[in-house]
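J.: In numbering that gives the first Met the number 0, the protein residues as written are 0 to 342.
Okay, here's the structure, questions in a sec.
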Amino acid sequence: MIKLKEIAQLVGGELIGDGEMLIRGIASIETAEDGQIAFLANPRYKALLKKTKASAVIVPSGIKQVKVAVICTPTPYLAYAKVAKLFYKWPYTFEGISENAHLGKGVSLGEKVTIYPNAYIDDNAQIGNEVIIFPGVYIGPRVKIGAKTIVYPNVTILADCKVGRGVIIHSGVVIGGDGFGYSKNEQGHYVKIPQMGIVEIEDEVEIGANTTIDRAAFGKTLVKRGTKIDNLVQIAHNVVIGEDSIVVAQVGIAGSTEVGDKVRLAGQVGVVGHIRIGNGASIGAKTGVAKSVPKEAKMASGVPAMPYQTYLRTMAILPKLSTLLSRLSQLEKEVERLKGKQK
Numbered sequence: 000m001i002k003l004k005e006i007a008q009l010v011g012g013e014l015i016g017d018g019e020m021l022i023r024g025i026a027s028i029e030t031a032e033d034g035q036i037a038f039l040a041n042p043r044y045k046a047l048l049k050k051t052k053a054s055a056v057i058v059p060s061g062i063k064q065v066k067v068a069v070i071c072t073p074t075p076y077l078a079y080a081k082v083a084k085l086f087y088k089w090p091y092t093f094e095g096i097s098e099n100a101h102l103g104k105g106v107s108l109g110e111k112v113t114i115y116p117n118a119y120i121d122d123n124a125q126i127g128n129e130v131i132i133f134p135g136v137y138i139g140p141r142v143k144i145g146a147k148t149i150v151y152p153n154v155t156i157l158a159d160c161k162v163g164r165g166v167i168i169h170s171g172v173v174i175g176g177d178g179f180g181y182s183k184n185e186q187g188h189y190v191k192i193p194q195m196g197i198v199e200i201e202d203e204v205e206i207g208a209n210t211t212i213d214r215a216a217f218g219k220t221l222v223k224r225g226t227k228i229d230n231l232v233q234i235a236h237n238v239v240i241g242e243d244s245i246v247v248a249q250v251g252i253a254g255s256t257e258v259g260d261k262v263r264l265a266g267q268v269g270v271v272g273h274i275r276i277g278n279g280a281s282i283g284a285k286t287g288v289a290k291s292v293p294k295e296a297k298m299a300s301g302v303p304a305m306p307y308q309t310y311l312r313t314m315a316i317l318p319k320l321s322t323l324l325s326r327l328s329q330l331e332k333e334v335e336r337l338k339g340k341q342k
């Protein structure tokens, strides 16, 4: 347990209430019980503060008159993330290197590495300190994995790929599969183009379940530091994704496209190849991005992609199209009638 005042110090918030109160855990504002702390990030749900059974709540600055102790902060969601780490307990107990794991020739292992049964580490792979490799993982020849990376069950990292420090790779991810490269011959048959590059994942990246990141034709497919990728994302060969970007579920990025730093791609966005999405751009769900996007652009859903305000105006007009068409038809008839009178 931890004193409430220590939590307030951790998040840099203003404490209103008993700082000596002991907190034993964290929960949602709806389910929290006595002795637990909750959080409220959106002031629209302020009414829940009257109903919660939590002993304390992290709230946005300006919310102070409530029945429980509060920690006020301008960034309650970030504060929640910090507090959750205090109470999170790693649920897995296996440690060490299983005798049922395969270690190839010349494999290099750092200190305090954990390798579960039925993991396969191929020749000359390099595994850093405190890496955890779960069952069913395949690590290809000459792969390098940085310290404190977690590789969850049934992940595949193919030959020569590089993974940085503190990376989290969720189940079913495939890193380094062949890029989708073919050329037609004289008979119209597809001829496979060998994909001879690699994938490099920089430090502190997280990759969601069943995501695929293809190796480059030449050079590397690159995901830069701190980027977070959701489940079921497809990243094609030679794509570059900048630092601290967010890629949400079912996004597809075609080959050789460059995504800048701090970009947000919402669910099911499709991006064509060989374009650039500028730093800080935000692309709404289901958008089809067919050309380069400038930095800081706000693009809403649409095929093709369009600026957010243009999209809103377009959506406002669509339900009125049948009425407008009818009025236009009437105007055309009236114009024809007036023309007839002038003859």
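Even glycine gets a Cβ: it sits at the ideal position worked out from N, Cα and C.
Within this structure, are the beta carbons of G196 and G180 separated by less than 7 Å?
T.: Taking 7 Å as the Cβ cut-off, G196 and G180 do not qualify as a contacting pair.
J.: Under 7 Å between the Cβ atoms of V142 and I156?
T.: For V142 and I156, yes; Cβs fall inside 7 Å.
J.: Run through the DSSP bridge pairs and tell me what S281 is partnered with.
T.: DSSP lists R263 and K297 as partners of S281.
J.: Should the stretch 110-130 be regarded as contacting the stretch 40-51, the criterion being three or more beta carbon pairs within less than 8 Å?
T.: Short answer: they don't touch.
J.: Can you tell me which residues form a DSSP beta bridge with K2?
T.: Per DSSP, L21.
J.: DSSP on G339, reduced to helix/strand/coil?
T.: The answer is helix: DSSP assigns G339 an H, G or I state.
J.: With I70 and G12 assumed to form a contact (beta carbons below 8 Å), what rounded beta-carbon distance in angstroms separates them?
T.: Indeed, because the Cβ distance is near 4 Å, the residues count as touching under 8 Å.
J.: Quick one: using the 10 Å Cβ neighbour count with 16 as the cut-off for buried, is M20 buried or exposed?
T.: When all chains shown are included, M20 counts as buried.
J.: Could you tell me the boundaries of the alpha helix (DSSP H) in which P75 lies?
T.: P75 to F86 is the extent of the alpha helix (DSSP H) around P75.
J.: Alpha carbon to alpha carbon, how far is V247 from F86? Give it in angstroms, no decimals.
T.: One C-alpha to the other measures close to 27 Å.
J.: Mind checking P303: buried by the 16 CB within 10 Å criterion, or exposed?
T.: Exposed is the call here.
J.: Give the secondary structure of E201 by DSSP, where H, G and I count as helix, E and B as strand, and everything else as coil.
T.: The answer is coil: DSSP assigns E201 none of H, G, I, E or B.
J.: Return the Cβ separation of G18 and L3 in integer angstroms, given the expectation that the two are a contact with Cβ distance under 8 Å.
T.: With 8 Å as the limit, G18 and L3 qualify as a contact, their Cβ atoms being about 5 Å apart.
J.: Run through the DSSP bridge pairs and tell me what G163 is partnered with.
T.: DSSP output for G163 lists no bridge partner at all.
J.: Here's a check: name, in chain order, each residue in its chain whose Cβ is nearer than 7 Å to the Cβ of D229, leaving out the five neighbours to either side.
T.: So the qualifying residues of the chain are G207, V246, V247 and A248.
J.: Please confirm whether S291 and I274 have their CB atoms less than 7 Å apart.
T.: Closer than 7 Å, so yes.
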